[in-house]
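>
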Amino acid sequence: MAFGLALFCTSILLVLLGVSPWSTFIAILEGSVLGLDSLSRVFVITSIMSLSAFALIVTFSCNMWNIGVEGQMMLGAIGAVFVARSFIGDTLLSIPFMIIAAMCFGGIFGLICGLLKTKGSVHEIFAGLGLDFVAAGLIVYLVIGPWKKEGIASTSGTDIIPEMSWFPHLFDFKFPIIPILLFGSMYLILRFIYAKTSLGLKLKSVGSNTNAFSRLGLSPDMYILFGFLIAGAVVGLAGAIQVGSIYHKLVPYISGGYGFLGILIALVSGRKLSIAIVVSAFFACLVVGGSTLQIKLGLHASLPGIIQASIVLFWLMIKASSVHIKLINAVSKSYGHS
Amino acid sequence: MKITFDSITKRYGELIANDAVTVSIESGTIHAIIGENGAGKSTLVKMLSGQVTPDSGSIAIDDKVIKGFSTHSAIELGIGLLGQDPMDFKNLTVMQSFTVGHRLNTSMMRNGLLRQEFERLNSVYAFNIDPKKKIYQLSIGERQQVELMRLLSNGAKVIILDEPNSGFSLEQKSKVFDALDGLTEEGCTVILVSHKLEDVLEYASSVSIMRKGTLVDTLDLPQSPGHLVDLMFGGHQEESVLQTESVTDTQNLVAKVQQSGQTIDLNLSKGMMVGAIGLQGSGVDTFLRNMFYDKSFLLTDAEGPIDKSSFGYVPADRLERGLFPELSILDHHALSSTLGHNVIDWTQIRSMCEDLIREYGIIGTPETKAHELSGGNQQRLMLSMMRSDINVAMLEHPTRGLDIQSADYIWDKLLNDKLSRTVTLFSSYDVDEIWNYSDYVLCFHGEDIVASCSINSISKTDIINNIAGNVIGRDE
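So the protein lines, in turn, are chains H and Z. Numbering of the first sequence is given in the working numbering, commencing with residue -12 and proceeding in unit increments. Numbering of the second sequence is given in the working numbering, commencing with residue 6 and proceeding in unit increments.
1. Buried or exposed: where does THR197 (chain H) fall if 16 or more other Cβ atoms within 10 Å of its Cβ makes it buried?
2. Kindly indicate which three-state DSSP category VAL163 (chain Z) falls into: helix, strand or coil?
3. Which residues in chain Z have a C-beta closer than 8 Å to the C-beta of SER192 (chain H)? List them in chain order.
4. On the three-pair Cβ rule with 8 Å, is the region 134 to 143 of chain H touching the region 54 to 61 of chain H?
5. Would you say PHE329 (chain Z) and ALA182 (chain H) are within 7 Å of each other, going by their C-beta atoms?
6. Can you tell me the Cα-Cα spacing of ILE477 (chain Z) and ASP467 (chain Z), whole angstroms?
7. Counting C-beta neighbours from all protein chains within 10 Å, is the total for GLU243 (chain Z) 16 or more, i.e. buried, or is it exposed?
8. Residues in its own chain within less than 8 Å of ASP135 (chain Z) by CB, not counting five upstream and five downstream?
9. So, is the C-beta of ALA227 (chain H) closer than 7 Å to a C-beta in chain Z?
10. By DSSP's criteria, SER459 (chain Z) is part of a beta bridge. Which residues make up the other side?
11. For SER245 (chain Z), collect the residues of the same chain with a Cβ closer than 6 Å to its Cβ; drop the 5 residues on either side in sequence, then sort them by chain order.
12. Identify each residue in the region 116 to 148 of chain Z for which the Cβ-Cβ distance to at least one residue of chain H is less than 9 Å, and report them in chain order.
13. Could I get the ranges of all uninterrupted alpha helix (DSSP H) runs contained in the region 136 to 212 of chain Z, with 4 residues as the minimum, in chain order?
14. Taking the beta strand (DSSP E) that ASP394 (chain Z) belongs to, which residues open and close that run?
15. Distance check for GLU359 (chain Z) and GLU19 (chain Z), CA to CA, integer angstroms please.
16. For a quick check, are the C-beta atoms of GLY231 (chain Z) and ALA161 (chain Z) less than 7 Å apart?
17. Cβ atoms of MET6 (chain Z) and THR194 (chain Z): under 7 Å apart, would you say?
18. Using a Cβ-Cβ cut-off of less than 7 Å, list which residues of the region 295 to 328 of chain Z approach chain H; keep chain order.
19. What are the boundary residues of the alpha helix (DSSP H) that ASN470 (chain Z) is part of?
20. What are the start and end residues of the alpha helix (DSSP H) that includes VAL129 (chain Z)?
21. Nearest to ILE329 (chain H) by alpha carbon, out of H:ILE13, H:ILE(-1) and H:ILE217?
22. Looking at the structure shown, is ASP208 (chain H) part of a helix, part of a strand, or coil, going by DSSP?
23. Ignore the nearest five residues each way along the sequence and tell me which others in LYS138 (chain Z)'s own chain have a CB closer than 6 Å to its CB.
24. So for PRO133 (chain H), helix, strand or coil by DSSP?
25. Kindly indicate which residue of H:VAL265, H:ILE167, H:SER267 and H:PHE162 has the alpha-carbon position closest to the one of LEU26 (chain H).
26. Whose C-alpha, out of Z:CYS448, Z:LEU407 and Z:ASN471, is nearest the C-alpha of LEU202 (chain Z)?
27. For a contact defined as C-beta to C-beta under 7 Å, what are the partners of ASN53 (chain H) on chain Z?
28. Please report how far the alpha carbon of ASN116 (chain Z) lies from the alpha carbon of MET296 (chain Z), in whole angstroms.
29. Would THR308 (chain H) pass as an interface residue toward chain Z - the criterion being a Cβ-Cβ separation below 7 Å?
30. Report the partner residues of ASN23 (chain Z) according to the DSSP bridge assignment.
31. With 7 Å as the threshold, decide whether the Cβ of GLY204 (chain H) is near any Cβ in chain Z.
32. Put LEU258 (chain Z) into one of helix, strand or coil per three-state DSSP.
33. Would DSSP call VAL221 (chain H) helix, strand or coil?
34. Check this for me: beta carbons of GLY280 (chain Z) and ILE439 (chain Z), under 7 Å apart or not?
35. Compare the C-alpha of ALA253 (chain H) against each of H:VAL45, H:LEU203 and H:GLY187 and name the closest.
Below, the structure is given as C-alpha cells:
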C-alpha cells in the first residue's frame, strides 16, 4: 500500500519533469526482466544489494549505524582479488578461497570500526565514514602501486583476474549461481541466528538497552563487536561478487554506492531480511532497466537515480506519516458500509 | 478546569489497558485514581498529557471536546504530568533541565530570574537540590522534585501526579500537598494516581477506582479504607501475615564496601537480608549499583571471594537500567534463562514464561513489550527475571510502585529465598520496610554509612536518627 502510494507520487514527479511515467516504468521492466543478459544482471545486483542490506540489518539490531559498510565491501573485494592474483587464482580452489578471504577482510574491517566505537569511544558514524575513505585510498594505492598493470599505472583498474576465478554462470541462460547461493545462504543463516539462537536475541537486546544488558552480566562491547564482525563479513561477500561476477578486477570505488543503498533498503524494509530481498530486487530492476532508458526513450542518464531516490523518500515519508494506514481504514470503512 | 474522559478505550495487542472508561473530574479538586498494578491508571492519565492516544473515546476540557490530543496541546492547555519515570534530560544540569520548556525561557535567556525562581521553590518545598548537578547524578525522587518545580513554576492548570510517593519524604510530601491544595483554590485541578490509600484519604476530595482496565466507581471522600480496598481488589482481599525467620549472627561472611573514599568491612552472616536505608539523595541511591558494577567490591566467605557471576541486580529505574523497552516478555525470559546456551528452545521458554507471568501476576501476554507494561508490572517482570542460581541478590527499592498485595507477595518470595542465597541486599527509603524485613541494617547519611549493625541491636528510632544525621542516636 505504502509502496503503491510512493510509486504514484514518483509518477507525478515524472509527469512534472515532462516524462510519461507509464512508458518509463514499462521500459524499465523490459530492460530488466525481459532478456537473459539483463535478467542475469538483475540477479547479481539483487545479491549485492541484499547482502549489504543484511549487513545493515545486523548492525541496526545492535542500534548501530554502520556507515562503514562501503569500506567493508571494498575490503571484501580486495580480499577476493588478493586470492585471485595469488598462485591458486588459476585453480578450482580459487573461488572458495575468494569467498573466505572476502568474509575475513570485510569482517576484520567491520571489527576495526567496532573497536573504535567500543574501545576508542569514536562514534560509529565517524569511525565508519573515516574507514570508508581509508578503504577507498587503499584500493587506489593497490591499483596504481603494487597491483598495477604491467608497464603502466592507471586508475582504470588492475589486470583482469584469471578466468578460473570468475564466478561461473549456470547453463546457457547465464544464471549467476554463486551470488544467489551466497545471499540465499546468508539469508538462511541470519534468519536462524535471529529466530533461534541466543546470539541473535543478545544482538537485539544490546541494541535495545545497553544498561539492562550489562546488568545481566553480559558485555555490551563484546556483542556490539560481534554485530560489526558479522556485518563486515556479510557485506564482504558483496565485494567478492563485484569482483567475481562483474568487474573481474579491482577498480577504484568498486562498492559502487551499493553499501549506502543498503542503508536505505534496510530502513525501507523495516529491518526485515525477507522484505529486504524483495526491495533489493526492485531496486536492481531500476538500476539495470534504468540504464536502457537513455537508449530507448532518449532520457537523461540521471533519471533512474531520480526515480530510485524519490521512491525511497516518498515511501519513508508515507510510512512515517501513517497516511497509508488512514487510507486503508477509510477504504475498509467504505467497503463495510456498502 | 473540568476534565471529562468519555468511554476511553486503549489496547496494547491483546491487553486491554482501558475499557470504555468514563470519568468526570470537577474543577478545583484533588481527584485520586486508585487501583492495583496494571489497572490502567497510568494509561488513562497519559492520554490527558498526550503521551498516549486513545483507540476510541474522547477527552473534554471544560465541556469542550479536544481533538487530536498531543503532548504539545496538553502543554498549551496547561496540563502537566509528573510520571513514575521522569521525562527529563539526563545530560543537562538541574538548572538547564528546569529551564528547558519554562515559560520564562523566551528567546532572551533570563537566567537570573530562572535561578531565583528555582531557589524560591527549592526552599518553599524543603527540597534540597543542587542546581549545578547533572540530572543523571540525581535519584529518581529528586528528578521528580525538579519536574514538579518546573510544572508548578510554569503555572500548570492541571497537575497529574503518577505515583509520586516514593520520591518524597513525609515533610516534603505535606509541603507539596499544601501547595497543591492552595492551587486548587485558584481553580487548578490535581489528579493523584496512587495505590497508597493513606495519601488518597488524606489529600483527595474524590476518588475513582479502577480494576483491570475498567472503572469500578467514582466516589466522594471520605470513605472507609476497607470499602475502597474491596473495590480495588474486587472483594477478595486476603490478610497476609509475612513470616520472617531471622538469621543467627554467625559472621561467616565479610563484605568489603567502598563508600565515599573509605573502606568498610561488614561482618554478615549467610542467608541474611541486608537493608540499606537513607534519605532521598543520600549515598543509598547508588550504593547497590556501585557495588554491583565495582570490580573492587569483594564478598568473602570461609572459602574465599564469591563468584561475581552469581550476583543479580534489580535497579530502581526500570526502563533505563533494568529492561529492554522494545523486547517482549518472552524475549526477556529467553535472555535471562539462556545465558550460556546457544540455541533457544522456544517451546520450553514459552511455557516457562507463561508460568512466570502467572506466578508473578504480570498483566500482559508473552508478546507484550516491556514499555507497554505498567510500572508495577515492569517491576514484576524484573523480579521474575532473577535466576534461581543467583547467590547474591541486590535489589533497589524492590517494591517501588507496587500495590500492597503485590508488595506482600514480593516480600514473601524474597524472604522465602533468602536462606538459600548467600546474601540478599536491598535499599529502601521506608523505615518500616527496613524494620520489618532486614536482619542487618546499613544507615546512610549523606554519602557516608553512619551505622551498620544487626537489626536486633538497634531501635527503629535510632535508625531514623541516624539517617537524619542526628548524632545522639548513633550507636558507635
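For glycine and all other residues, C-beta sits at the position ideal for the given N, C-alpha and C.
A quick look at the data gives this:
1. For the purposes of this step, residue 197 (chain H) is taken as residue 210 along the first sequence, with counting starting at 1. Its Cβ being crowded by 16 or more others within 10 Å, THR197 (chain H) is buried.
2. Counting from 1 along the second sequence, the entry for residue 163 (chain Z) is found at position 158. Residue state, collapsed to three classes: strand.
3. By one-based count along the first sequence, residue 192 (chain H) stands at place 205. The answer, in chain order, is PHE329, LEU332, ASP336 and LEU340.
4. no
5. Here residue 329 (chain Z) refers to the residue found at position 324 of the second sequence. Here residue 182 (chain H) refers to the residue found at position 195 of the first sequence. Contact: no.
6. On the second sequence, position 472 is the one that residue 477 (chain Z) refers to. On the second sequence, position 462 is the one that residue 467 (chain Z) refers to. Legend: pLDDT at ILE477 (chain Z) = 48, less than 50; position of this residue unreliable, value from coordinates given subsequently. One C-alpha to the other measures close to 9 Å.
7. Reading the second sequence from its first residue, position 238 is the one you call residue 243 (chain Z). Low confidence applies here, because GLU243 (chain Z) scores a pLDDT of 48, under 50, leaving its location unreliable and the question unanswered by this model.
8. As a working mapping, residue 135 (chain Z) is identified with position 130 in the second sequence. Excluding residues within five positions, the ones whose Cβ falls inside 8 Å are VAL99.
9. In the first sequence, residue 227 (chain H) corresponds to position 240, counting from 1. Answer no: the Cβ-Cβ gap between ALA227 (chain H) and chain Z never drops below 7 Å.
10. Against the second sequence, residue 459 (chain Z) aligns to sequence position 454. SER459 (chain Z) pairs with Z:TYR445.
11. Stepping through the second sequence from its first residue, residue 245 (chain Z) is reached at position 240. In this prediction, SER245 (chain Z) has a pLDDT of 47, which is less than 50 and means its spatial position is unreliable; what the coordinates show is noted afterwards. Excluding positions up to five away in sequence, the list reads ASP413.
12. Listed in sequence order: no entries.
13. 145 to 158, 175 to 190 and 202 to 208
14. Numbered from its first residue, the second sequence carries residue 394 (chain Z) at position 389. Premise fails: ASP394 (chain Z) is in no beta strand (DSSP E) and is neither H nor E.
15. Residue mapping note: residue 19 (chain Z) aligns to position 14 of the second sequence, counting from 1. Residue mapping note: residue 359 (chain Z) aligns to position 354 of the second sequence, counting from 1. Those two C-alpha atoms are separated by around 15 Å.
16. To locate residue 231 (chain Z), count along the second sequence from 1; it is residue 226. To locate residue 161 (chain Z), count along the second sequence from 1; it is residue 156. It is not a contact, given that the beta carbons lie outside the stated cut-off.
17. Walking along the second sequence from the start, residue 194 (chain Z) turns up at place 189. Walking along the second sequence from the start, residue 6 (chain Z) turns up at place 1. Cβ atoms of THR194 (chain Z) and MET6 (chain Z): closer than 7 Å.
18. SER314, TYR318, PRO320, GLU325, ARG326, GLY327 and LEU328
19. Translated into the one-based positions of the second sequence, residue 470 (chain Z) becomes position 465. Where ASN470 (chain Z) is concerned, the enclosing alpha helix (DSSP H) stretches over 465 to 472.
20. Numbered from its first residue, the second sequence carries residue 129 (chain Z) at position 124. Here the alpha helix (DSSP H) through VAL129 (chain Z) covers 116 to 129.
21. Past the boundaries of the shown model lies residue 329 (chain H); chain H is included only from -12 to 325, so the question cannot be answered.
22. Here the question's residue 208 (chain H) lines up with position 221 in the first sequence. ASP208 (chain H) falls in the helix class under three-state DSSP.
23. Here the question's residue 138 (chain Z) lines up with position 133 in the second sequence. Excluding sequence neighbours, LYS138 (chain Z) sits near VAL99.
24. For this step, residue 133 (chain H) is matched to residue 146 along the first sequence. Coil.
25. Counting from 1 along the first sequence, the entry for residue 26 (chain H) is found at position 39. Of H:VAL265, H:ILE167, H:SER267 and H:PHE162, the residue nearest in Cα terms is H:PHE162.
26. Here residue 202 (chain Z) is taken as the residue at index 197 of the second sequence, counted from 1. When each option's Cα is compared against that of LEU202 (chain Z), the closest is Z:LEU407.
27. In the first sequence, residue 53 (chain H) corresponds to position 66, counting from 1. Listed along the chain, the chain Z residues whose CB falls inside 7 Å of the CB of ASN53 (chain H) amount to none; the nearest CB is some 19 Å away.
28. In the second sequence, the residue the question calls residue 116 (chain Z) occupies position 111. In the second sequence, the residue the question calls residue 296 (chain Z) occupies position 291. Roughly 38 Å separates the two Cα atoms.
29. Locating residue 308 (chain H) in the first sequence gives position 321, counting from the first residue. Going by the sequence as given, residue 308 (chain H) is Ser instead of Thr. It does not; no Cβ of chain Z falls within 7 Å.
30. Along the second sequence, read from residue 1 onward, the residue named residue 23 (chain Z) stands at position 18. Z:LYS15, per the DSSP bridge assignment.
31. Within the first sequence, the letter at position 217 stands for residue 204 (chain H). Chain Z contact via Cβ: present.
32. Within the second sequence, numbered from 1, the residue matching residue 258 (chain Z) stands at position 253. LEU258 (chain Z) falls in the strand class under three-state DSSP.
33. Here residue 221 (chain H) refers to the residue found at position 234 when the first sequence is read from its first residue. Three-state DSSP puts VAL221 (chain H) in a helix.
34. On the second sequence, residue 280 (chain Z) is found 275 positions in, with the first residue counted as 1. On the second sequence, residue 439 (chain Z) is found 434 positions in, with the first residue counted as 1. Going by C-beta atoms, GLY280 (chain Z) is nearer than 7 Å to ILE439 (chain Z).
35. Counted from its first residue, the first sequence places residue 253 (chain H) at position 266. Its Cα nearest to that of ALA253 (chain H), the residue H:VAL45 stands out among H:VAL45, H:LEU203 and H:GLY187.
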